[in-house]
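Participant: Let me begin by handing over the structure; questions about it come next.
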Amino acid sequence: MERTKAANLALLLIAIGWLLAFIGVMSQLGDPGPTVTHAQIEANRLRSFAALVIGVACLLSSLWLSGYCFAVARVRSIASAAAVMLPSMAIILSML
Numbered sequence: 034m035e036r037t038k039a040a041n042l043a044l045l046l047i048a049i050g051w052l053l054a055f056i057g058v059m060s061q062l063g064d065p066g067p068t069v070t071h072a073q074i075e076a077n078r079l080r081s082f083a084a085l086v087i088g089v090a091c092l093l094s095s096l097w098l099s100g101y102c103f104a105v106a107r108v109r110s111i112a113s114a115a116a117v118m119l120p121s122m123a124i125i126l127s128m129l
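So for the sequence shown, the numbering used here puts the first residue at 34; every next one is plus one.
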């Protein structure tokens, strides 16, 4: 794969990764209704967990791609790494 295409792919994976991670976390907030069966609750939990895991995998893949393409596309590589690391650090620091 060309390194310039890898840099563009890293930026795309960041958008997809943060969106899926957000959906995975936010879909777990709140209590289910009293008429919702246990099977539906479990299916929703698994779907949310899958979205979260795929989102985190996209973010980690974009970090790897930004390191791979650093020699050719430095600005996009640094922007990709910052778009993953800065919000991640903000989330971690807000939990302390």
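For each residue, glycine too, the CB sits at the ideal point set by N, CA and C.
#1: Which first and last residues belong to the alpha helix (DSSP H) in which ALA39 is found?
#2: Thinking ALA39 and LEU98 are a contact (beta carbons under 8 Å), I'd like their distance in whole angstroms, please.
#3: Let's test the definition: count the other Cβ atoms within 10 Å of the Cβ of GLY63 and tell me whether it reaches 16, buried, or not, exposed.
#4: Helix, strand or coil: how does DSSP classify LEU98 here?
#5: Is the CB-CB distance between ILE47 and LEU92 below 8 Å?
Facilitator: Per the coordinate set shown:
#1: In the DSSP annotation of this structure, the continuous segment of the alpha helix (DSSP H) that includes ALA39 starts and ends at 36-59.
#2: About 5 Å separates the beta carbon of ALA39 from that of LEU98, a gap short enough to meet the 8 Å contact definition.
#3: With fewer than 16 Cβ atoms within 10 Å of its Cβ, GLY63 is classed as exposed.
#4: Reduced to three states, the DSSP call for LEU98 is helix.
#5: With contacts defined as CB atoms closer than 8 Å, ILE47 and LEU92 qualify as a contacting pair.
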